[in-house]
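Numbering (the numbering used here), first residue to last: 108 to 288.
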């Protein structure tokens with residue numbers, strides 16, 4: 108059972124409704140995660156703005172979603188794993204690519220470098236070395252890309268923590284965590 112109420116966009120304050128209506132328009136429904144975060148209009152505005160900003164970034168939607176499933180699996184966030192698996196497929200990733208990304212793996216060296224870096228950020232609490240950053244540059248990432256990878260990880264940590272801590276009900280097709288396998 109969720110630990111915070113899921114805000115109904117039809118019966119809430121004007122500031123929440125504006126954001127929830129935008130989210131509903133983007134998804135065709137209002138995912139439970141956003142309804143939970145809507146308990147704080149400031150947090151919802153921050154989260155939704157971050158999704159929009161990163162969606163318009165230079166990494167591309169597919170890599171962003173691959174990072175999201177890797178981070179979700181590492182943090183045992185069933186909600187984000189389910190949601191980002193769907194979003195990754197919508198962004199052009201195959202089921203096989205999303206399953207590999209969930210494990211932090213990719214056949215493409217550039218994607219592999221990004222996933223390895225993202226998981227190192229999570230596992231080592233951002234304690235990375237000059238060499239870790241240099242490996243990203245060696246496969247073709249610019250400093251802009253490196254910072255965007257960091258931003259994707261940070262956003263996904265926020266969403267993972269929201270969904271796990273508040274036991275937000277999953278409203279996307281379930282995907283089994285690797286750690287549960």
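All residues carry an ideal CB built from backbone N, CA and C; glycine is no exception.
Values in this document were obtained by computation on a predicted structure and should not be read as measured data.
Rounded to the nearest angstrom, what separates residue 108 and residue 271 at their Cα positions? Translated into positions along the chain shown, residue 108 becomes position 1. Translated into positions along the chain shown, residue 271 becomes position 164. Looking at the two C-alpha atoms, the distance is approximately 11 angstroms.
Rank 133, 194 and 138 by C-alpha distance to the C-alpha of residue 115 and give the top, closest one. Your numbering for residue 115 matches position 8 in the chain shown. Across the set 133, 194 and 138, the C-alpha of 138 shows the shortest separation from the C-alpha of residue 115.
Under the rule that 16 or more other beta-carbon atoms within 10 Å means buried, what is residue 283, buried or exposed? The count along the chain shown starts at 1 and reaches residue 283 at position 176. Its Cβ having fewer than 16 others within 10 Å, residue 283 is exposed.
Assuming contact is defined by CB atoms lying nearer than 9 angstroms, are residue 277 and residue 185 in contact in what I supplied? For this step, residue 277 is matched to residue 170 along the chain shown. For this step, residue 185 is matched to residue 78 along the chain shown. Contact flag set, yes.
Spatial neighbours of residue 246 within its chain, please: C-beta separation below 7 angstroms, excluding the five flanking residues on both sides. To locate residue 246, count along the chain shown from 1; it is residue 139. So the list reads 216, 217 and 220, once near-sequence residues are dropped.
Quick check: the stretch 252-269 against the stretch 140-159, are at least 3 beta-carbon pairs closer than 8 angstroms? Enough Cβ pairs lie closer than 8 angstroms, so yes.
Of the residues 285, 127 and 253, which one's Cα is nearest the Cα of residue 207? Position 100 of the chain shown, counting from 1, holds the residue named residue 207. The shortest Cα separation from residue 207 among 285, 127 and 253 belongs to 285.
As assigned by DSSP and simplified to three states, the class of residue 177: Along the chain shown, read from residue 1 onward, the residue named residue 177 stands at position 70. Assignment of residue 177 by DSSP, reduced to helix, strand and coil, places it in the helix class.
Residue 163, buried or exposed, once every other Cβ within 10 Å from all chains shown has been counted against 16: Sequence index remark: in the chain shown, residue 163 carries index 56 (1-based). Here residue 163 is exposed, its C-beta having fewer than 16 other C-beta atoms within 10 Å.
Proximity of residue 205 and residue 176 at Cβ, strictly below 9 angstroms: Locating residue 205 in the chain shown gives position 98, where the first residue counts as 1. Locating residue 176 in the chain shown gives position 69, where the first residue counts as 1. Yes.
Reduced DSSP category for residue 115 - H, G, I as helix; E, B as strand; rest coil: Position 8 of the chain shown holds residue 115. Coil, per DSSP.
With DSSP collapsed to three states, give me the class of residue 234. Locating residue 234 in the chain shown gives position 127, counting from the first residue. In the structure shown, residue 234 sits in coil (DSSP, three-state: anything other than H, G, I, E or B).
Within the stretch 141-168, note down every full alpha helix (DSSP H) run reaching 4 residues or more, in order along the chain. Unbroken alpha helix (DSSP H) runs of no fewer than 4 residues, entirely contained in the stretch 141-168, are found at 148-162, following chain order.
May I have the straight-line CA-CA distance separating residue 117 from residue 197, to the nearest angstrom? Stepping through the chain shown from its first residue, residue 117 is reached at position 10. Stepping through the chain shown from its first residue, residue 197 is reached at position 90. Roughly 28 angstroms separates the two Cα atoms.
Residue range of the unbroken alpha helix (DSSP H) whose run includes residue 271: Here residue 271 is taken as the residue at index 164 of the chain shown, counted from 1. Element bounds for residue 271: 250-272.
Using three-state DSSP, classify residue 285 as helix, strand or coil. As a first step, residue 285 must be located in the chain shown, where it is residue number 178. Shown here, residue 285 sits in coil according to DSSP, grouped into three states, outside any helix or strand.
Put residue 218 into one of helix, strand or coil per three-state DSSP. Taking the chain shown and counting its residues from 1, the one referred to as residue 218 is at position 111. Assignment of residue 218 by DSSP, reduced to helix, strand and coil, places it in the helix class.
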